[in-house]
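Residue numbers (the working numbering), protein chains in the order written: chain A, 1 to 297; chain B, 1 to 187.
Dropping the structure here:
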């Protein structure tokens, strides 16, 4: 039955309790709207510019196709030049429609186009990752695309909060943090407890170093210190989910962005889709008077 | 606070499902109510139980699968595989290896062939190294891809998979890198 809304301007959602409360912390709808715009506008950038190599897989003989899990389950056939071209056109088209729908506040369209983008982008990823190398900058972004359509109407700058928005934002936050934390786990699993004392980053710079990082090869202490910092920070990353002060959280997220830029300078690897998802932590709805502080007349 | 009764009507509408699609599956917000009150007033109200449950189950499935993939999975379990980029430890006194593709054209020129020329990234070639070593004839398929992508370029008549080994000592590269052809195909 309909839950009873307490009359009066201080009408609040049932107070967040326990674990469920943590997942459903009411969050400004404006943040979801901004994330939609960011996520959908990023699709053409990703597909046409920054990871345009996916499209090339259409030319690769099927013998190199090593389908990843969902592709095996769904029997997704090896791509052909035609199928990647059609898929790319549909994906970019759906993303543009979704972005326009955010701006025109056409809620139903933004959700339908959003589901379409998620499905097509997911398919695009199966084509991308099924040739012997998977990337790790996609998980949080895929979660972002999956959860965006679960939220209803939202407009840019909207401060009103909702629980579905809170869940969606929380999913993306947890996915982003999991990317760091579980990367540390993988280092321990595959590289063992002494991973940080190795020369893994030396190998990385040898392979993909830039003019700005070559000096590091002669300063192994620097790369090893970086490894210690890296794995420590990855293991500590869940802290960001539980920081109470907004300011502290924004500073931490700023440090994460700085880390990714530094990595790019060193070895030309940047987790662009992950950086889009990371924005879920930021007050994209605009700052100022907080909804939770709204009080009665 | 006098305007509040609108809220009650809205609750009813939400429960019946919002045909305009303006509310989430758990139906939450209402444009009018929000617009009628001060900007910034909280418009949220509790979600329906089923909406919450579905979302909690979704969270458990997604992150449970990811955790399982991290503990037991492999790359091919994407998107739930382990985030194993740079997870393998390079021994400070070991050998760092990387691979590249070289080819000889009909004109007899030996050249480095970047991944974009045959549609695969270097790491993808590296992901399939054991297959190339076991069956060097597989390299011919790179020539097929190359000709698809560059129909006007001189044909490739020979392809080499080259491994570059760099000895490390105390995490520093020592001595010049050593290149070795580990698989060859020729027409």
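For each residue, glycine too, the CB sits at the ideal point set by N, CA and C. The model shown is predicted, which means the values in this text are computed figures rather than measured ones.
Think of a sphere of 7 Å around the beta carbon of residue 174 of chain A: the chain B residues whose beta carbon falls inside it are 63, in chain order.
For residue 50 of chain B, no chain A residue has a Cβ inside 9 Å of its Cβ, as the nearest lies near 12 Å away. In this structure, residue 141 of chain B sits away from residue 84 of chain A, with a CB-CB distance that is not shorter than 9 Å. For residue 193 of chain A, the three-state secondary structure derived from DSSP is coil. The secondary-structure analysis by DSSP pairs residue 112 of chain B across a beta bridge with B/102.
When C-alpha distances from residue 53 of chain A are compared across B/82, B/68, B/114, B/85, the shortest belongs to B/114. The continuous beta strand (DSSP E) containing residue 183 of chain B extends over residues 178 to 186.
In this structure, DSSP gives residue 61 of chain B a helical state, which the three-state scheme calls helix. Residue 280 of chain A and residue 35 of chain A have their alpha carbons spaced roughly 7 Å apart.
Taking a Cβ-Cβ threshold of 8 Å, the residues of chain A close to residue 80 of chain B are 69, in chain order. Cβ atoms of residue 32 of chain A and residue 176 of chain A stay farther apart than 8 Å, at about 16 Å. Listed along chain A, the residues sitting closer than 8 Å to residue 77 of chain B by beta-carbon distance are 68, 69. For residue 115 of chain A, the closest C-alpha among the options A/97, A/129, A/131, A/205 is that of A/97. According to the DSSP secondary-structure assignment, residue 161 of chain A is paired through a beta bridge with A/28. Under the three-state reduction of DSSP, residue 57 of chain A is assigned to helix. Annotation: residue 41 of chain A to residue 196 of chain A spans about 38 Å, alpha carbon to alpha carbon. Taking 8 Å as the upper bound for CB-CB distance, residue 150 of chain A and residue 168 of chain A are in contact here, some 6 Å apart.
Going by DSSP, residue 251 of chain A is part of the alpha helix (DSSP H) stretching over 246 to 267. Here residue 192 of chain A is exposed: its Cβ has fewer than 16 other Cβ atoms, across all protein chains shown, within 10 Å.
Residue 74 of chain B carries a coil assignment under DSSP once its states are collapsed to helix, strand and coil. Taking the Cβ atoms as the reference, residue 71 of chain A lies roughly 4 Å from residue 126 of chain A, within the contact range of under 8 Å.
Per the coordinates, the alpha-carbon of residue 165 of chain A lies some 17 Å from the alpha-carbon of residue 106 of chain A. Residue 70 of chain B has a beta carbon lying within less than 9 Å of a beta carbon in chain A.
Assignment of residue 173 of chain B by DSSP, reduced to helix, strand and coil, places it in the strand class.
What residue 217 of chain A touches in chain B, judged by beta-carbon distance under 8 Å, is 172, 173, going in chain order.
Per DSSP, reduced to three states, the secondary structure at residue 97 of chain B is strand.
Not one beta carbon of chain B lies nearer than 9 Å to the beta carbon of residue 225 of chain A. Under DSSP, residue 156 of chain B forms a beta bridge with B/105.
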